[in-house]
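*Asks:* Taken in order, these protein sequences are the chains called A and B.
First residue of the first sequence? That's 607 in this note's numbering, and the numbers climb one at a time after it.
First residue of the second sequence? That's 253 in this note's numbering, and the numbers climb one at a time after it.
Glycine included, every Cβ here is placed at the ideal spot set by N, Cα and C.
Sending over a structure as structure tokens; questions will come in a sec.
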Amino acid sequence: MAVDATQLPHTTATHVEDVGQIPQWQLMVRRFRKSKLSVGGMYVLIVMYVIMLFSDFLAPYEHNRLDSNYAWGPPSQIAIVDGKLSTFALKQTLDTERLQWLYVVDTDRPLPIQFFVQGYEYRFLGIFPSKLHFYGVEEGYQVNLLGADKDGKDVLSRLLKGSQISLTLGFVGVVISVIIGSIVGTASGYFGGSIDNMIQRVIELLRSFPDIPLFLSLAAALPQNAPVEIRFFMITMIIAVIGWTGLAREVRGKVMSYRNADYTAASVAAGGSHWHIITRHLIPNSLSHIIVVGTLAIPAAIGSETALSFLGLGILPPAVSWGVMVRDAQTIEAITTYPWMLLPVLVLIITVLSFYLLGDGIRDAVDPYA
Amino acid sequence: MLNYIARRLINMIVLLVAISFIGFFIIQLPPGSFLDVELQRLRSLGGDVSRDQIKALELRYGINDPFLVKYWKWVERSSRGDFGTSYMTDQSVGERIWGRLSVSLGLSLFALLFTWLISIPIGVYSATHRYTIPDYVVTLIQFIGLAVPGFLLALILLIFATRYFNQQVGGINSSEFMDQPMSVAKFIDMVNHIWIAVVVLAFGATAGLTRVMRANLLDVLNMQYIQTARAKGLDEAVVIWKHAVRNAIHPLVMSLGTLLPALIVGETLVAQVLSLPTIGPMYLDALRAEDMYLAGTILVMLSGLLLIGNLLADLLLAWVDPRVRLE
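What follows is the structure, given as structure tokens:
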């Protein structure tokens, strides 16, 4: 279980003897490893981000490829036929009573799954053009390991492509807001006086806006027909602009207390410049705190992107993010009849949960002497 | 104390003026205007609008006024209690908002009550029974509560309610009660409808508060005065509830100021899924239709609620904790 630092039993266990002898970061790593759930969260996230890097290679189809022969197609069945890993062709019929597509697996028509096939063109890591894909079936058929949506788009391909936006947007937004928040917070706490007063008034004003409505109105002001990169950038900026105030306040509090510490006074007495004191004493001391707040802010930012896209104000089709996919899963019909439409929600929950667990573990670890 | 409240109130008014200016600016940012949206709708219905008609409409709604003129018109009218006429429905903005806001407030108060009634006892229990199986279960549920988006929970509960309770859901009343005056039957029907919304709204907040309550109580339980209280033979229940909880509850009281407005605005997505007639979906529609008077008024009102909520929380804190009063 992830627990607060104060809750850990004060066992005088194995390593305590050398606490004073090893560097602080090693103590942190040691403490972090103790909370198994946080370590688990970290591994899950690493796997997800690695998959994201290879998403185009792993996705068999372009995320917007339509195929009406596979509308609401169920996840493909996999079997070994003649010693080859295969899926099967589907026969599509219309249930005229309930107006649904029915699919029957045609076991006489196995489709061997081919590996390292040529498919749509993409740029690996955004640089190297390639057509290579991990798997696929023969032309004219489709393999949908996780089913297909109402237009016959492959859900797995969309999940993979969507991760490129969903996993980066919140992350980048938080990184920017952490940078703004740290700079402003440090300036406010270190210089004090009228600078501090002015900055605090601005923060107070920004925090008086209810954040969700402010978020919605800013998103509604975005140009509708901008290319996806521009929209991505703007939504990132919105997340950053709304998010930095809380962090700035916390950093200010920390900096103010470190500013009055003896070692800072010593540095001032020894003739240390502002720059030296800030970068050598104040920032390194606040850093762990900043990282904790940042890590815990990422899941909230990912949630914001999903909410915006769900409401049709965030990422817009034809681009795809997990929020865009959740939008397709908002009717009871979609969920009860085609449960694989809920997969983006599941992936989202796992991601957010992992970030929370990771942040929780880091928070406990940054104070290794407790 | 009165001095303090007066200063806070003046500060609030200054903030609200600044908020209204910035908020109005953001809301009128999107290019085009309500009129463009409306004209498009008329044209798509097949009707054509003549140049003169467009001119007349533009004049009537003051579409081409510069920003400051629009803003001034809005503020000046609002200060007289006239929030303008919504472009969308030609209804008075004040009337529309109050109808919706009362539903939102009612729902949020219920959710708040629910949150507190559940998170305090559970938080206390899991702190006093640390590292037991129920504590682990509670911790796990807390994390799930943080990670599962509210609208999804709403969707899942909707499915269960429809499938297993054979219940008509969505909205706050069944269709047969829609236009009837309030009665016992209507009230029961309403409760049947809104419990999902209340549970969903409360779930996320409950998860967070339980966690905070548990962590705080654990800190307090390590204090020496708790040991003293036990040593002098007090009943454990008295030690916990009278001595410990009272000192652990500060952050909960402080969170009250942000929690209520957060619940009111946080229901936007949930309300969308459950088609509840609350303020969130209305704000969203107003933004989409570029109905800036309606959207602007809602934004300022919600900010006002947030500020009032914070003030009330501070006063409540001063009431709970004598030490705060001294400062």
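Counting only Cβ-Cβ distances shorter than 9 Å, please list the residues of the stretch 513 to 529 of chain B near chain D, keeping chain order.
*Replies:* No chain D is part of this structure, whose protein chains are labelled A and B.
*Asks:* Might you give, ordered along the chain, the residues of its own chain that have their beta carbon closer than 6 Å to the beta carbon of B/Leu564, omitting 5 neighbours on each side?
*Replies:* Contacts found: none.
*Asks:* Just the Cα atoms here: how many angstroms apart are A/Val808 and A/Ser794?
*Replies:* Cα to Cα, A/Val808 sits roughly 11 Å from A/Ser794.
*Asks:* Could you give the first and the last residue of the continuous alpha helix (DSSP H) run that contains A/Phe797?
*Replies:* Start and end: Val761 to Phe797.
*Asks:* Could you check the C-alpha separation between B/Gly556 and A/Arg637 for me, to the nearest Å?
*Replies:* The alpha-carbon atoms of B/Gly556 and A/Arg637 are separated by roughly 44 Å.
*Asks:* Provide the residue span of the beta strand (DSSP E) that contains A/Tyr726, from first to last.
*Replies:* Residues Gln720 to Phe730.
*Asks:* With distance defined between alpha-carbon atoms, name the residue in B/Arg382, B/Val522 and B/His502 nearest to B/Leu407.
*Replies:* B/Leu407 has its Cα closest to that of B/Val522, out of B/Arg382, B/Val522 and B/His502.
*Asks:* Tell me the residue span of the alpha helix (DSSP H) that contains A/Lys640.
*Replies:* Gln630 to Lys640 is the extent of the alpha helix (DSSP H) around A/Lys640.
*Asks:* DSSP three-state call for A/Val926: helix, strand or coil?
*Replies:* Coil.
*Asks:* Taking the continuous beta strand (DSSP E) assigned at A/Val743, which residues delimit it?
*Replies:* Per DSSP, A/Val743 belongs to no beta strand (DSSP E) and is neither H nor E.
*Asks:* Does DSSP put B/Ile501 in a helix, a strand or coil?
*Replies:* Here B/Ile501 sits in coil by DSSP.
*Asks:* From the DSSP output, in three-state form, read off A/Phe815 for me.
*Replies:* A/Phe815: coil per DSSP, three-state reduction.
*Asks:* Answer yes or no: does any C-beta atom of chain B fall closer than 8 Å to that of A/Ala611?
*Replies:* The pLDDT assigned to A/Ala611 is 46, lower than 50, so where the model puts this residue is not dependable, and the model offers no usable value.
*Asks:* Please name the residue in A/Gly776, A/Val790 and A/Trp881 whose C-alpha comes closest to that of A/Ile844.
*Replies:* Per the Cα distances, A/Gly776.
*Asks:* Going by the beta-carbon positions, is the gap between B/Ile550 and B/Ile257 smaller than 8 Å?
*Replies:* The answer is no: Cβ separation not under 8 Å.
*Asks:* Along the chain, where does the alpha helix (DSSP H) containing A/Arg697 start, and where does it finish?
*Replies:* Strictly speaking, residue 697 of chain A in this sequence is Lys, with Arg absent from that position. Not the alpha helix (DSSP H): A/Lys697 falls in the beta strand (DSSP E), residues Lys690 to Asp701.
*Asks:* Rounded to whole angstroms, what is the Cα-Cα separation between B/Ile446 and B/Ile492?
*Replies:* Approximately 34 Å between the Cα atoms of the pair.
*Asks:* Against A/Val951, what residues of chain B qualify as contacts under a CB-to-CB distance less than 7 Å, listed in chain order?
*Replies:* Correct list: Leu404.
*Asks:* Can you check which of these residues, B/Val355, B/Leu361 and B/Leu453, is closest to B/Phe403 by C-alpha distance?
*Replies:* For the residues B/Val355, B/Leu361 and B/Leu453, the minimum Cα distance to B/Phe403 belongs to B/Leu453.
*Asks:* The beta strand (DSSP E) that contains B/Ile408, what's its start and end?
*Replies:* Where B/Ile408 is concerned, there is no enclosing beta strand (DSSP E), although the alpha helix (DSSP H) it sits in stretches over Gly402 to Tyr416.
*Asks:* In its own chain, which residues sit with a C-beta less than 6 Å from the C-beta of A/Pro905, not counting the 5 before and 5 after it?
*Replies:* Cβ neighbours of A/Pro905 beyond the five flanking positions: Val958, Phe961 and Tyr962.
*Asks:* Counting only beta-carbon separations shorter than 8 Å, does B/Val270 have a partner in chain A?
*Replies:* The amino acid at residue 270 of chain B is misidentified as Val; the sequence shows Ala. Closer than 8 Å: yes.
*Asks:* With C-beta atoms as the reference, is A/His895 less than 8 Å away from A/Glu835?
*Replies:* Not closer than 8 Å, so no.
*Asks:* Have a look at A/Gln632 and A/Gly900 and give me their C-alpha separation to the nearest angstrom.
*Replies:* C-alpha separation (whole angstroms): 21 Å.
*Asks:* Provide the residue(s) that pair with A/Asp712 in DSSP beta bridges, ordered along the chain.
*Replies:* Beta-bridge pairing links A/Asp712 to A/Ala695.
*Asks:* Are the C-beta atoms of B/Phe604 and some chain A residue less than 8 Å apart?
*Replies:* Lying before the first or after the last residue shown, residue 604 of chain B is absent from chain B, which here runs from 253 to 579.
*Asks:* Start and end of the alpha helix (DSSP H) containing B/Ala457?
*Replies:* Where B/Ala457 is concerned, the enclosing alpha helix (DSSP H) stretches over Val436 to Leu473.
*Asks:* Check whether chain A comes within 8 Å of B/Val464, counting only Cβ atoms and requiring the distance to be less than that.
*Replies:* Output row for B/Val464: interface = no.
*Asks:* Among B/Gly509, B/Ala538, B/Trp571 and B/Asp537, which has the Cα closest to the Cα of B/Ser360?
*Replies:* Checked all of B/Gly509, B/Ala538, B/Trp571 and B/Asp537; the closest Cα to B/Ser360 is B/Gly509.
*Asks:* Could you confirm whether any beta carbon from chain A is found closer than 8 Å to the beta carbon of B/Thr414?
*Replies:* At least one chain A Cβ lies under 8 Å of B/Thr414.
*Asks:* Just to confirm the assignment, what range does the alpha helix (DSSP H) spanning A/Ile686 have?
*Replies:* Counting along the chain, A/Ile686 falls outside any alpha helix (DSSP H), though it belongs to the beta strand (DSSP E) covering Ala685 to Val687.
*Asks:* Over the uninterrupted alpha helix (DSSP H) stretch that includes A/Ile908, give me the two end residues.
*Replies:* Residues Ile889 to Phe916.
*Asks:* Which term fits B/Val490, buried or exposed, when burial requires 16 or more other beta carbons within 10 angstroms of its beta carbon?
*Replies:* Exposed, since its Cβ has fewer than 16 Cβ neighbours within 10 Å.
*Asks:* Cβ closer than 7 Å: which chain A residues qualify as neighbours of B/Ile278?
*Replies:* Ser823, Leu824 and Ala827, listed in chain order.
*Asks:* Of all the residues that make up the stretch 958 to 974 of chain A, which are near chain B by a beta-carbon distance shorter than 8 Å?
*Replies:* Answer in chain order: Val958, Leu959, Tyr962 and Leu963.
*Asks:* Counting only C-beta atoms, is B/Tyr545 closer than 8 Å to chain A at any point?
*Replies:* No - not a single Cβ of chain A is within 8 Å of the one on B/Tyr545.
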